[in-house]
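The next block holds one structure in the form of structure tokens; read it before the comments.
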Amino acid sequence: MIILRDFYEILGVDKHASEQEIKKAYRRAAKKHHPDLNPGDEKSETFFKEINLAYEVLSDETKRRNYDLYGEDSLKEGFQSGGFGGFGDIFGDIFDIFGGGFSGNYSSSRANVPRQGEDIRADVTLEFKEAIFGTEKEITVRRQEECEQCHGEGTEPGTSKHKCGNCNGTGQVREASQSPFGRVVRVVPCSSCHGTGEIIEEPCNHCHGSGRQIFSRKVKVNIPAGVDNKSIISLRGEGHHGENGGIPGDLYIYISVKEDSIFQRRGTDILLEMPISYVDAVLGAEIQVPTLESIKKFQIPPGTQGGELFKMEGEGVPYLQRKGRGDLYFRTEIIVPKKVNGKQRELLEELRNESGHPVKEERKGFFNRFKDWFEDIS
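Residue numbers (the working numbering): 2 to 379.
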């Protein structure tokens with residue numbers, strides 16, 4: 002199982018971003034996470050490497066096109082997108098134009114060449130907790146496999162197939178046409194056998210001669226802890242089966258995660274709005290803070306302000322493919338009671354009288370700053 006990254010998300014750009022937009026985003030991100038500006042910060046160092054890889058791919062037109070079509074598999078050494086028929090086809094056409102010709106051995110070798118199966122995409126939606134802690138999901142995919150009745154032969158049991166007489170078993174024929182450069186000969190799939198080089202006398206009634214059927218299969222997927230929206234999980238060999246002995250394609254699972262009513266996620270960090278009392282804010286207190294796994298104690302200092310942000314290290318989301326976790330941040334929200342009893346009112350009145358002088362001085366200074374404003378409009 003492989004977790005793939007979204008290079009566009011890493012740079013913070015849209016999939017349709019221009020070359021200039023990608024370059025600006027790269028410079029901005031690289032400056033923010035450069036190791037020299039974040040000494041000792043492993044998270045920034047790791048992300049800086051991902052930024053560089055993302056820019057290397059998205060700034061190159063060919064790499065970007067292949068990445069959009071095939072994902073990170075396109076970055077592997079020896080990857081072939083399959084977008085062209087191969088150099089043999091190209092050179093074959095060129096030699097035919099100038100009268101060189103080929104003996105036909107190349108065509109016959111390609112008639113039943115093994116072909117890898119196509120990939121399959123599946124979308125999975127996770128609960129917030131499932132994405133944080135990981136889970137196992139069973140999904141249903143529809144994929145092409147070898148026909149159960151004819152075992153991929155395409156013929157009814159007890160019958161056979163023979164070599165195509167039109168192409169002599171090569172699966173390809175030559176077509177000639179005139180062009181401004183003279184007579185052009187191209188190699189195209191044989192219309193009689195559809196490029197297979199063989200003729201089926203009695204097609205299998207299950208697959209109608211294709212040798213393949215669509216099956217619904219259940220696949221178990223282990224979702225690792227820490228996946229997020231737009232994460233992609235790759236399962237090798239769970240895609241459509243190959244042809245002529247070719248290996249199966251892969252299954253790509255695109256993840257989306259539901260939001261939670263309490264915790265907000267920002268990458269590997271968690272944000273929480275934490276209500277505290279006015280008394281605790283003024284005097285300081287040991288409060289109970291809910292984290293992803295338990296309720297933990299945290300000491301807030303005297304004079305804590307509403308909206309102040311506090312950090313609890315290592316209480317965030319587990320990192321993917323490495324040890325450690327992000328952090329949890331909580332923002333204080335001071336709760337003012339709407340109703341108070343007699344004793345509480347008496348104490349609050351006493352507090353107001355005790356703290357009135359410094360508050361009045363602060364308020365006086367506040368309004369003095371607006372003196373020129375009011376004089377200008379009077």
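Where a beta carbon is used, it is the ideal one built from N, C-alpha and C, also for glycine.
**Asked** If you count every other CB in all the chains shown that lies within 10 Å of the CB of Glu149, and 16 or more means buried, which is it?
**Response** Under a 10 Å Cβ-count criterion, Glu149 is classified as exposed, with fewer than 16 other Cβ atoms of the shown protein chains found around its own Cβ.
**Message:** Pop quiz: Thr156 and Cys205 are said to be a contact at Cβ under 8 Å. What is the actual Cβ separation, rounded to whole angstroms?
**Reply:** Right, their Cβ atoms sit about 6 Å apart.
**Message:** Taking DSSP's pairing of strands, which residues face Asn223 in a bridge?
**Reply:** Asn223 has Glu137 as its beta-bridge partners, per DSSP.
**Request:** For the alpha helix (DSSP H) containing Val318, list its first residue and its last residue.
**Result:** Per DSSP, Val318 belongs to no alpha helix (DSSP H) and is neither H nor E.
**Collapsed DSSP secondary structure at Leu293 in the structure displayed** = Collapsing the DSSP output to three states places Leu293 in coil.
**Prompt:** Where do the N-terminal and C-terminal ends of the alpha helix (DSSP H) with Arg28 fall, by residue?
**Reply:** That run of the alpha helix (DSSP H) goes 20-34.
**Request:** Label Ile215 either buried or exposed according to how many other C-beta atoms from any shown protein chain fall within 10 Å of its C-beta, with 16 as the threshold for buried.
**Result:** Counting Cβ neighbours within 10 Å, Ile215 comes out exposed, since fewer than 16 surround it.
**Request:** With DSSP collapsed to three states, give me the class of Phe49.
**Result:** Assigned with DSSP and collapsed to three states, Phe49 falls in helix.
**Cβ shell of Ala18 (< 6 Å), same chain only, five flanking positions each side left out** = Nothing meets the Cβ criterion.
**Message:** Please state whether the Cβ-Cβ distance between Met313 and Thr292 is less than 8 Å.
**Reply:** It is a contact, given that the beta carbons lie within the stated cut-off.
**Item:** Where Arg143 falls: helix, strand or coil (DSSP)
**Value:** Arg143 carries a strand assignment under DSSP once its states are collapsed to helix, strand and coil.
**Asked** Thinking C-beta only, is Glu22 closer than 8 Å to Val14?
**Response** Yes, these two residues count as a Cβ contact at 8 Å.
**Message:** Checking 8 Å against the spacing of the C-beta atoms, do Asp251 and Tyr330 come in under that value?
**Reply:** No, the Cβ-Cβ distance between Asp251 and Tyr330 is not below 8 Å.
**Request:** Output yes or no for whether 8 Å exceeds the beta carbon distance between Ile121 and Gly240.
**Result:** Yes, the pair counts as a contact, with Cβ atoms nearer than the cut-off.
**Item:** Closest Cα partner of Glu46 within the set Tyr56, Lys33, Glu57
**Value:** Looking at the Cα atoms, Lys33 is the closest of the given residues.
**Asked** Taking just the CA atoms, how far does Val258 sit from Ser235?
**Response** Their backbone Cα atoms lie some 17 Å apart in a straight line.
**Other residues of its chain near Lys138: CB distance less than 7 Å, five sequence neighbours each side excluded** = Hits under 7 Å: Val125, Val222, Ile224.
**Asked** Rounded C-beta distance between Gly304 and Val283? I'm assuming under 8 Å.
**Response** Here Gly304 really is in contact with Val283; their C-beta atoms are around 7 Å apart, less than 8 Å.
**Request:** Take the Cβ of Glu202 as the centre, count every other Cβ of all protein chains shown within 10 Å, and call the residue buried at 16 or more, exposed below.
**Result:** Exposed, because fewer than 16 other Cβ atoms sit within 10 Å of the Cβ of Glu202.
**CA-to-CA distance, Gly118 to Gly247, given in whole angstroms** = Cα to Cα, the separation comes out at about 7 Å.
**Request:** Grab the span of the alpha helix (DSSP H) containing Phe8 for me, first residue to last.
**Result:** Where Phe8 is concerned, the enclosing alpha helix (DSSP H) stretches over 8-12.
**Message:** My assumption, with CB atoms under 8 Å, is that Lys164 sits in contact with Gly198. Please give the rounded CB distance.
**Reply:** Yes, Lys164 and Gly198 are in contact; Cβ-Cβ is about 7 Å, under 8 Å.
**Item:** Phe311 versus Arg323, Val318, Lys298, residue with shortest Cα-Cα distance
**Value:** Nearest of Arg323, Val318, Lys298 to Phe311, Cα basis: Lys298.
**Asked** Can you tell which of Pro249, Asn245, Asp229, Asn369 has its C-alpha closest to the C-alpha of Gly238?
**Response** Closest in alpha carbon position to Gly238, among Pro249, Asn245, Asp229, Asn369, is Pro249.
**Asked** For Leu127 versus Gly227, is the C-beta spacing smaller than 8 Å?
**Response** It is not a contact, given that the beta carbons lie outside the stated cut-off.
**Prompt:** What do you reckon, are the CB atoms on His207 and Glu146 nearer than 8 Å?
**Reply:** For His207 and Glu146, no; Cβs fall outside 8 Å.
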